[in-house]
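Accompanying notes for the structure given below.
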Amino acid sequence: MENMPFDDRIITYSKNLHHFAIGFTNNPDDANDLVQDTYVKAIRYANLYTEGTNLKAWLYTILKNTYFNNYRSNQYHSKVVTVTEDYQPHQLLKSSTTNAGVETLISEDINKALMMLPEEYSLPFLRYFEGYKYLEIAEEFCIPIGTVKTRIHMARKILKSKLRMYC
């Protein structure tokens, strides 16, 4: 058999390779493609095959590596995932785009809720919302940092209760 040309020798293993490929792909068409790719690589890299070694094992290794490098990754990319769930209107509000009218109404509700806050809560909260640090707010209002944290926490709690329809 070693007197045969390399191309003819690798073809003699086609049935074995096909059975091996079916084990990976579970699909006869994909197995045929995998065997074809294996032959292309075997011919391309024939110079790397050492005469006298196990040709069948060499071809199996090429097939296995080809599968792991190409077919398995393509399998994940080609699948279509469909998810059907029933969504509630409040869930859609967070994910859908809104028009300017809805945004205006939401802004008005937020502003009303902010106006209802006591000044001792609203001023530290607004400074925090603007990006000031607790220490900077404490220094500006000449109050302890713990008081700043408490007032911001209370402002959040009040706003959350006033705006719970948007949560």
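Under the UniProt record's numbering, think of the first position of the sequence shown as 1, with each following residue one higher. Glycine residues also receive a C-beta, built at the ideal position from the N, C-alpha and C atoms.
| Asked | Found |
| --- | --- |
| Residue 168 by DSSP, collapsed to three states: which one? | Outside the shown range of the chain (1 to 167) lies residue 168, about which nothing can therefore be said. |
| For chain C, find out if any of its Cβ atoms is closer than 8 Å to the Cβ of TYR67; answer yes or no. | Absent here is chain C; the protein component of the structure consists of one chain. |
| Near ASP37, what residues of its chain come up, given a Cβ to Cβ distance below 6 Å and the 5 sequence neighbours on each side ignored? | THR66 |
| Measuring CB atoms only, is the region 5-21 touching the region 55-65, in the sense that at least three cross pairs come out at less than 8 Å? | yes |
| Note the first and the last residue of the continuous alpha helix (DSSP H) segment covering LEU114. | 100-116 |
| Can you list, in chain order, the residues of its chain with a C-beta nearer than 7 Å to that of VAL148? Leave out the 5 residues immediately preceding and following it. | PRO124, TYR134, ILE137 and ALA138 |
| Return the chain-ordered list of same chain residues with a C-beta closer than 7 Å to the C-beta of PRO118, the five sequence neighbours on each side being excluded. | none |
| Assuming contact is defined by CB atoms lying nearer than 8 Å, are TYR128 and ILE152 in contact in what I supplied? | yes |
| Tell me the DSSP secondary structure of ILE143 in three-state form. | coil |
| Could you check what DSSP says for ASN54 in three-state terms: helix, strand or coil? | coil |
| Distance, Cα to Cα, THR150 vs ILE158? | 12 Å |
| Does DSSP put LEU159 in a helix, a strand or coil? | helix |
| Buried or exposed: where does VAL40 fall if 16 or more other Cβ atoms within 10 Å of its Cβ makes it buried? | exposed |
| Which residue's Cα is closest to the Cα of PHE6: GLY146, ALA113 and TYR49? | TYR49 |
| To which residues of the same chain is ILE22 closer than 6 Å at the C-beta, ignoring the five residues directly before and after it? | ALA31 |
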